[in-house]
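The opening position of the sequence shown corresponds to residue 1 in UniProt numbering, with each subsequent residue numbered one higher.
Positions of the beta carbon are idealized from the N, C-alpha and C atoms, including for glycine.
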Amino acid sequence: MFNQLQPMPADPILGLLSQFREDPRPVKVDLGVGVYKDAHGNTPILACVKTAERIRTETETTKVYIGPAGSDKFNRLICDLAFGEGHSVIEQNRVRSVSTPGGTGSLKVAADFIKRCNPNATMWVSDPTWANHISLFKGAGLKVEAYPYYDQQNNVLKFDEMLAALKLLGPDDVVLLHACCHNPTGQDLSEAQWDQVVEVAAERGFTPLIDMAYQGFGDSLDRDAYGVRKMAAAVDAMLLCASCSKNFGLYRERIGACAVVTKDSVKADIALSVMLHVIRAIYSMPPAHGAALVETILGSAELTQQWHEELAVMRDRINGNRAMLVDKIKAAGVNRDFSFIARQKGMFSFLGITPEQVELLKRDYAIYMVGSSRISVAGITEENVDYLANSIAAIL
Ligand code: LMR
Numbered sequence: 001m002f003n004q005l006q007p008m009p010a011d012p013i014l015g016l017l018s019q020f021r022e023d024p025r026p027v028k029v030d031l032g033v034g035v036y037k038d039a040h041g042n043t044p045i046l047a048c049v050k051t052a053e054r055i056r057t058e059t060e061t062t063k064v065y066i067g068p069a070g071s072d073k074f075n076r077l078i079c080d081l082a083f084g085e086g087h088s089v090i091e092q093n094r095v096r097s098v099s100t101p102g103g104t105g106s107l108k109v110a111a112d113f114i115k116r117c118n119p120n121a122t123m124w125v126s127d128p129t130w131a132n133h134i135s136l137f138k139g140a141g142l143k144v145e146a147y148p149y150y151d152q153q154n155n156v157l158k159f160d161e162m163l164a165a166l167k168l169l170g171p172d173d174v175v176l177l178h179a180c181c182h183n184p185t186g187q188d189l190s191e192a193q194w195d196q197v198v199e200v201a202a203e204r205g206f207t208p209l210i211d212m213a214y215q216g217f218g219d220s221l222d223r224d225a226y227g228v229r230k231m232a233a234a235v236d237a238m239l240l241c242a243s244c245s246k247n248f249g250l251y252r253e254r255i256g257a258c259a260v261v262t263k264d265s266v267k268a269d270i271a272l273s274v275m276l277h278v279i280r281a282i283y284s285m286p287p288a289h290g291a292a293l294v295e296t297i298l299g300s301a302e303l304t305q306q307w308h309e310e311l312a313v314m315r316d317r318i319n320g321n322r323a324m325l326v327d328k329i330k331a332a333g334v335n336r337d338f339s340f341i342a343r344q345k346g347m348f349s350f351l352g353i354t355p356e357q358v359e360l361l362k363r364d365y366a367i368y369m370v371g372s373s374r375i376s377v378a379g380i381t382e383e384n385v386d387y388l389a390n391s392i393a394a395i396l
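As structure tokens, then:
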């Protein structure tokens with residue numbers, strides 16, 4: 001049975017985790033996986049999460065199954081967070097949501113759900129996108145195509161080309177959009193650009209699937225959800241995949257949500273029933289712990305306030321790192337313009353160096369990033385930034 005198997009290469013992003021851990025060089029710098037790190041390079045548990053865990057330990061009375069949709073309370077609260085309390089799709093009872101094992105679990109549910117809705121649907125992803133998007137959609141048997149998104153020569157959005165490509169799509173197409181903090185480029189749509197994309201989606205009738213893995217890491221919880229809210233108000237059908245990995249720092253707890261918006265409440269109930277069927281055949285039911293923590297935080301005004309403050313600290317540090325890196329690269333004597341890094345948002349940017357230079361940084365300087373030259377700016381600290389900037393200057 002297993003004799004035909006050929007080994008697979010390590011995942012281009014997750015493979016860096018073990019390579020970095022095994023590197024004995026003390027100067028090593030981790031700009032690989034999208035995980036928040038503080039000024040000392042640690043990923044601490046948020047204080048609001050610690051409190052919620054204490055409350056959870058004291059109040060949990062059973063471990064009995066919840067069901068394929070997960071916690072109703074979490075599902076409601078996450079919709080308020082994403083769409084905004086009182087959004088028309090919530091008021092009109094046109095949205096249904098389920099808890100999922102992280103953002104990837106949510107995307108898997110969405111992918112299998114789309115396949116059920118329309119086996120001939122084509123998934124359109126940005127060029128480039130998070131590599132796992134493509135594996136996930138192809139794995140679900142969907143055809144995957146790319147629309148123009150990022151100009152890697154000039155570090156700007158290819159917005160006109162993107163819009164022109166979307167204008168050719170129709171009801172058999174699903175368009176994956178990143179709500180904010182585009183992974184891997186950090187280049188987001190402006191609000192005015194979102195308005196145009198929303199208009200084209202409503203006109204052409206394709207289904208938007210918005211991946212919101214970094215709400216709160218760009219500008220603010222509300223501003224990062226601009227496109228989600230605007231789109232939901234304008235179209236009859238859309239999907240939203242949300243993750244609590246980054247903004248609640250719950251990475252290994254695996255908690256996210258998948259929401260479907262339909263034309264009316266009857267269709268919403270039908271869509272939910274299909275989604276539950278899909279879930280039963282993948283993982284049956286989501287883990288409960290992360291959802292319980294999120295609902296404890298969002299269900300308490302005090303803990304919510306604390307979470308907002310802790311999220312702002314993470315966001316400000318990341319934005320500060322961006323500006324700091326640009327300054328230090330300049331100070332290291334590099335002529336090339338890296339100022340785009342300071343204009344971009346979220347955890348990631350493309351450094352814009354070759355795969356050979358990426359390899360050199362790893363081999364000779366113990367600096368780890370994805371082969372595409374995607375850096376996770378959260379891994380930059382005041383301690384390592386001079387070393388990083390000088391190493392970049394050296395390989396350039
Ligand atoms: C990343 O892109 O680094 C994160 O989303 C983690 C992952 O699962 O790839």
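query, result
"Per the contact definition of three or more C-beta pairs closer than 8 Å, is the segment 186-198 in contact with the segment 271-282?", "no"
"Leaving out the 5 sequence neighbours to the left and right, which residues in its chain are closer than 6 Å to His178 when beta-carbon positions are compared?", "Asp211"
"Please go through the same chain and pick out, in chain order, the residues whose beta-carbon is closer than 7 Å to the beta-carbon of Tyr226, but skip the five residues on each side of it.", "Glu191, Trp194"
"Please confirm whether Phe217 and Cys181 have their CB atoms less than 7 Å apart.", "yes"
"Please determine, among Asn155, Asn390, Ala259, the residue with the shortest C-alpha to C-alpha distance to Asp72.", "Ala259"
"Would you check if there are 3 or more beta carbon pairs closer than 8 Å linking the segment 194-206 to the segment 224-239?", "yes"
"Output the residue ranges of the beta strand (DSSP E) runs that lie fully inside the segment 249-296 and measure 3 residues or longer, sorted by chain position.", "256-261"
"Do Ile55 and the ligand LMR come close, with the Cβ less than 6 Å from some heavy atom?", "no"
"From Ser135 to Leu325, what does the alpha carbon distance come to, in whole angstroms?", "32 Å"
"Excluding the 5 residues preceding and the 5 following Leu157 in the sequence, name in chain order all residues of the same chain whose CB lies nearer than 8 Å to its CB.", "Tyr149, Tyr150, Asp151, Gln187, Leu189, Gln193"
"Tell me whether Asp224 is buried or exposed, calling it buried when 16 or more other Cβ atoms sit within 10 Å of its Cβ.", "buried"
"Closest by CA to Ser126, which one among Val95, Ala111, Leu176?", "Leu176"
"List the endpoints of the continuous alpha helix (DSSP H) containing Cys117.", "102-117"
"Between the alpha carbons of Leu169 and Tyr147, how many angstroms are there, rounded?", "10 Å"
"Where Asp316 and Asn247 are concerned, what is the direct C-alpha to C-alpha distance, given to the nearest angstrom?", "13 Å"
"On the three-pair Cβ rule with 8 Å, is the segment 303-311 touching the segment 139-146?", "no"
"CA-CA distance, Arg336 and Val274?", "52 Å"
"Going by DSSP in three states, Tyr226 sits in which element: helix, strand or coil?", "helix"
"When DSSP labels each residue in this structure, what does Asp72 get in the three-state scheme?", "helix"
"Measuring CB to CB, does Ala389 end up less than 7 Å from Ile329?", "yes"
"Give the DSSP bridge partners of Leu157, in chain order.", "Tyr150"
"Could you tell me which of Ser349, Lys108, Val95, Lys63 sits nearest to Ser265, measuring between CA atoms?", "Val95"
"So, do the segment 33-48 and the segment 59-73 have three or more beta carbon pairs nearer to each other than 8 Å?", "no"
"If we call anything under 7 Å between Cβ atoms a contact, is Leu31 one with Ile375?", "yes"
"If you draw a straight line from the alpha carbon of Met162 to that of Leu209, how long is it in whole angstroms?", "16 Å"
"Identify which residue in Asn118, Gly141, Pro171, Leu361 has its Cα closest to the Cα of Arg25.", "Leu361"
"Tell me where the alpha helix (DSSP H) around Phe20 begins and ends.", "15-22"
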